[in-house]
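Sequences listed follow chains A and B, in order.
All residue numbers for the first sequence refer to this note's numbering, where the first residue is 112 and numbers rise by one.
All residue numbers for the second sequence refer to this note's numbering, where the first residue is 112 and numbers rise by one.
We put the beta carbon where it would ideally sit given N, CA and C, even for glycine.
Computed from a prediction, not measured in an experiment: that's the story for all the values here.
Below: the structure, in structure tokens.
Number of protein chains: 2
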Amino acid sequence: MSEPRVLVLDTDPSPRLDRLTGHARVVRADEKGLADRLPEADALLVWDFASDAVRHAWPGPGPRPVWVHTASAGVDRLLFPELLASPTVLTNARGVFDRPIAEYVAGLVLSMAKDFDGSRTLQSRRHWLHRETEKVYGSRAIVVGSGPIGRRIGGTLTALGVDVALVGRTAREGVRASEELPALLPGADWVVCAAPLTPATTGMFDTAAFALMKPSARFINVGRGGHVVEEDLAAALRSGRLAGAALDVFTTEPLPPESPLWDLPGLVVSPHMSGDTVGWRDDLAEQFCDNFDRWRAGEPLVNVVDKRLGYVPSEAP
Amino acid sequence: MSEPRVLVLDTDPSPRLDRLTGHARVVRADEKGLADRLPEADALLVWDFASDAVRHAWPGPGPRPVWVHTASAGVDRLLFPELLASPTVLTNARGVFDRPIAEYVAGLVLSMAKDFDGSRTLQSRRHWLHRETEKVYGSRAIVVGSGPIGRRIGGTLTALGVDVALVGRTAREGVRASEELPALLPGADWVVCAAPLTPATTGMFDTAAFALMKPSARFINVGRGGHVVEEDLAAALRSGRLAGAALDVFTTEPLPPESPLWDLPGLVVSPHMSGDTVGWRDDLAEQFCDNFDRWRAGEPLVNVVDKRLGYVPSEAP
Numbered sequence: 112m113s114e115p116r117v118l119v120l121d122t123d124p125s126p127r128l129d130r131l132t133g134h135a136r137v138v139r140a141d142e143k144g145l146a147d148r149l150p151e152a153d154a155l156l157v158w159d160f161a162s163d164a165v166r167h168a169w170p171g172p173g174p175r176p177v178w179v180h181t182a183s184a185g186v187d188r189l190l191f192p193e194l195l196a197s198p199t200v201l202t203n204a205r206g207v208f209d210r211p212i213a214e215y216v217a218g219l220v221l222s223m224a225k226d227f228d229g230s231r232t233l234q235s236r237r238h239w240l241h242r243e244t245e246k247v248y249g250s251r252a253i254v255v256g257s258g259p260i261g262r263r264i265g266g267t268l269t270a271l272g273v274d275v276a277l278v279g280r281t282a283r284e285g286v287r288a289s290e291e292l293p294a295l296l297p298g299a300d301w302v303v304c305a306a307p308l309t310p311a312t313t314g315m316f317d318t319a320a321f322a323l324m325k326p327s328a329r330f331i332n333v334g335r336g337g338h339v340v341e342e343d344l345a346a347a348l349r350s351g352r353l354a355g356a357a358l359d360v361f362t363t364e365p366l367p368p369e370s371p372l373w374d375l376p377g378l379v380v381s382p383h384m385s386g387d388t389v390g391w392r393d394d395l396a397e398q399f400c401d402n403f404d405r406w407r408a409g410e411p412l413v414n415v416v417d418k419r420l421g422y423v424p425s426e427a428p
Numbered sequence: 112m113s114e115p116r117v118l119v120l121d122t123d124p125s126p127r128l129d130r131l132t133g134h135a136r137v138v139r140a141d142e143k144g145l146a147d148r149l150p151e152a153d154a155l156l157v158w159d160f161a162s163d164a165v166r167h168a169w170p171g172p173g174p175r176p177v178w179v180h181t182a183s184a185g186v187d188r189l190l191f192p193e194l195l196a197s198p199t200v201l202t203n204a205r206g207v208f209d210r211p212i213a214e215y216v217a218g219l220v221l222s223m224a225k226d227f228d229g230s231r232t233l234q235s236r237r238h239w240l241h242r243e244t245e246k247v248y249g250s251r252a253i254v255v256g257s258g259p260i261g262r263r264i265g266g267t268l269t270a271l272g273v274d275v276a277l278v279g280r281t282a283r284e285g286v287r288a289s290e291e292l293p294a295l296l297p298g299a300d301w302v303v304c305a306a307p308l309t310p311a312t313t314g315m316f317d318t319a320a321f322a323l324m325k326p327s328a329r330f331i332n333v334g335r336g337g338h339v340v341e342e343d344l345a346a347a348l349r350s351g352r353l354a355g356a357a358l359d360v361f362t363t364e365p366l367p368p369e370s371p372l373w374d375l376p377g378l379v380v381s382p383h384m385s386g387d388t389v390g391w392r393d394d395l396a397e398q399f400c401d402n403f404d405r406w407r408a409g410e411p412l413v414n415v416v417d418k419r420l421g422y423v424p425s426e427a428p
């Protein structure tokens, strides 16, 4: 292979890909410039995973990149018909976000159990008010999503003494099938969504699902906004049907200032950052360069997405 | 032994001690009534561990209880000369608070690392602002206090991938001696105090100690207020010498409304509740009743405090 042309879609400046110097011709494009650049790219690195620019730029004349890598765990923005039907290989950032997201979820669970938000409000009022808080040890959690992120969340909660049920598309060792979810929900103190967004999981957390949860349960979404019917969650929280929730992802991101979610009672809003620890962008760049080296060497890429499933199957390397 | 007389010091109504019915004459006293009741008590159960009433009521004529149990892990309020010099056996609530406090500390660590406070402020302003947060995995913690609470905190942080050094009075398997603390402090991202309050540990977290910590370090106190020189901590936080702190205990409790600690930058204030999970008072009552049964049966009491050391030695049952 002569020096391949790597097109990088970014809006913010993305990390330098120094390791590619001398091995690739790197061209950067923003959302507007993407369509013009696509035909001459061998590979496309999608830094801005929340953008629909690839979906919009892809259909058209001329060749298309044979490899698309997204610097994200979720690939939902790239599962459009033209890419699905093409021979282009899609890879993702599986592995980079597991531990940070697991820590984030564990922090939310502990923070909710110990009522840190209540303490903070009382502190701002200089009000000393002792309360009894909840034990996390011995509580029960369902983690929807049995990929590396879901498994790591499950492992971290298990280490805290939580009884965890991992739910995936199909049953396998240590994983319950999604058909079992309605039977599992009523027993859970914590329901965590860390699933890939696919047609099967879109809108799965709706009024029917919230109605199955205990009134004392809390729901945490670190998957994608599309997993949740936001109006249904809002109704469940407003009615006290659900004790609390934390959303790190939303159907519209950034969450618009006028959204009613910002001040919904019992809802913690954070700006899609659960996996983003200091140095994460360098880790992502490193991961892409590693895969690039494999590509150049004619070795199999890692983290190849099964485009039909919408994620990297666990059997994959 | 005929039916022993158990005197209970409480201000709030304390849990019923139904298990003692038919086995003991239970009399309750508040702080004012304590002195009059002491001479006729065989055992004293101190519910209100923050009270100095026992210290004040103890010196005087007549017999004194042969057994004092405090429904707390810390026994500092009971280490006054007359009780120390007496043959009275002192027991504490060792064991009840370990897991709750460890969860609380882990929650504080994660909450600080993930900047949940920042997210909450931004949420109240409807402001979407992505930030990079800290990994907890791979960070380093010092836990001062090698009793069951300190060890459990250490174990929980270790399970989160934190590199933990446990510091106790003397070195032993898995425990560093307190003399090593100055050498350890500069390497720590988290410094947690869960020590008993004794003459040796009083005021140990002062300007000299904070000066040894990294500017990025956070300090957490779930021990006793007296471990910290509060003015020194305030100065360290105000000057940015220390990145943050969380105090659950204070030299004066409740913390007075006029205390400058309430709105100190980077300080999380909570009302001495880190160990108090739903049902904790029942657990404490149960623990006392178990020890009462041993006492009645002529068996050795558990959780006997070494009054010279000021805590239950780890070698004890």
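- Query: Under a Cβ-count criterion, where at least 16 other Cβ atoms within 10 Å of its own Cβ denotes burial, should A:Ser-235 be classed as buried or exposed?
  - Reply: exposed
- Beta-carbon of A:Phe-227 versus every beta-carbon of chain B: anything under 8 Å? yes
- Per-residue contacts from B:Asp-387 into chain A (C-beta, under 9 Å): His-241, Arg-242, Glu-243 and Thr-244
- Message: For B:Cys-304 and A:Asp-401, what's the separation of their Cα atoms in angstroms?
- Response: 43 Å
- Query: At which residues does the beta strand (DSSP E) containing A:Gly-355 begin and terminate?
  - Reply: 355-358
- Query: Which term fits B:Asp-187, buried or exposed, when burial requires 16 or more other beta carbons within 10 angstroms of its beta carbon?
  - Reply: buried
- Query: From which residue to which residue does the alpha helix (DSSP H) around A:Phe-321 run?
  - Reply: 318-323
- At a CB-CB cut-off below 9 Å, which residues of chain A make contact with B:Ala-217? Ala-217, Gly-218, Leu-221, Val-247 and Leu-271
- Query: Taking the C-alpha atoms as reference points, what is the distance between A:Ile-260 and B:Ala-408?
  - Reply: 54 Å
- Residue environment, A:Pro-326, which counts as buried when at least 16 other CB atoms sit within 10 Å: exposed
- Around the C-beta of B:Pro-428, are 16 or more other C-beta atoms found within 10 angstroms, so that it is buried, or is it exposed? Below a pLDDT of 50, predicted positions are generally treated as unreliable, and B:Pro-428, at 33, falls in that range; the measurement from the model is reported next regardless. Per the 10 Å Cβ criterion, exposed.
- Message: Measuring straight from C-alpha to C-alpha, what distance separates B:Glu-243 and A:Val-333?
- Response: 16 Å
- Quick one: what's A:His-180 bridged to in DSSP? A:Leu-156 and A:Thr-202
- By how many angstroms is the C-alpha of B:Thr-269 removed from the C-alpha of B:Thr-388? 22 Å
- Task: Tell me, please, which residues DSSP counts as bridged to B:Asn-332.
- Result: B:Cys-304 and B:Leu-358
- Query: Whose CA, out of A:Pro-368, A:Leu-295, A:Ala-135 and A:Ser-183, lies closest to the CA of A:Asp-121?
  - Reply: A:Ser-183
- Three-state secondary structure (DSSP) of A:Gly-218: helix
- Query: Per DSSP, what kind of secondary structure is B:Leu-190 in: helix, strand or coil?
  - Reply: coil
- Task: Look at the alpha carbon of B:Gly-256 and the alpha carbon of B:Gly-218, and state the distance between them as a whole number of angstroms.
- Result: 19 Å
- Query: chain B partners of A:Trp-373, CB-CB under 7 Å?
  - Reply: Gln-234 and Arg-237
- Between the Cα of B:Gly-336 and the Cα atoms of B:Ala-354, B:Arg-283, B:Leu-348 and B:Thr-362, which residue gives the shortest distance? B:Thr-362
- Query: Should B:Ala-408 be flagged as near chain A, meaning a C-beta pair shorter than 8 Å?
  - Reply: no
- Spell out whether any CB of chain B is found under 8 Å from the CB atom of A:Ser-125. no
- Helix or strand or just coil, what does DSSP make of B:Gly-351? coil
- Message: For chain B, check one thing: does any of its Cβ atoms lie closer than 8 Å to the Cβ of A:Trp-391?
- Response: yes
- Task: Assign B:Leu-233 to one of three DSSP states: helix, strand, or coil.
- Result: helix
- Query: Between A:Met-315 and chain B, is there a C-beta pair that is closer than 8 Å?
  - Reply: no
- Message: If the cut-off is 7 Å on Cβ atoms, which residues from the segment 345-366 of chain B count as contacting chain A, listed in chain order?
- Response: Pro-365 and Leu-366
- Item | Buried or exposed by the 16-neighbour rule on C-beta atoms within 10 Å, applied to A:Asp-209 | buried
- Does DSSP classify A:Asp-147 as helix, strand or coil? helix
- Query: Does any C-beta atom of chain B lie closer than 8 Å to the C-beta of A:Pro-428?
  - Reply: Caution applies to A:Pro-428, whose pLDDT of 33 falls short of 50 and renders its modelled position unreliable; the value that the coordinates give is listed next. It does not: the Cβ of A:Pro-428 has no partner Cβ on chain B nearer than 8 Å.
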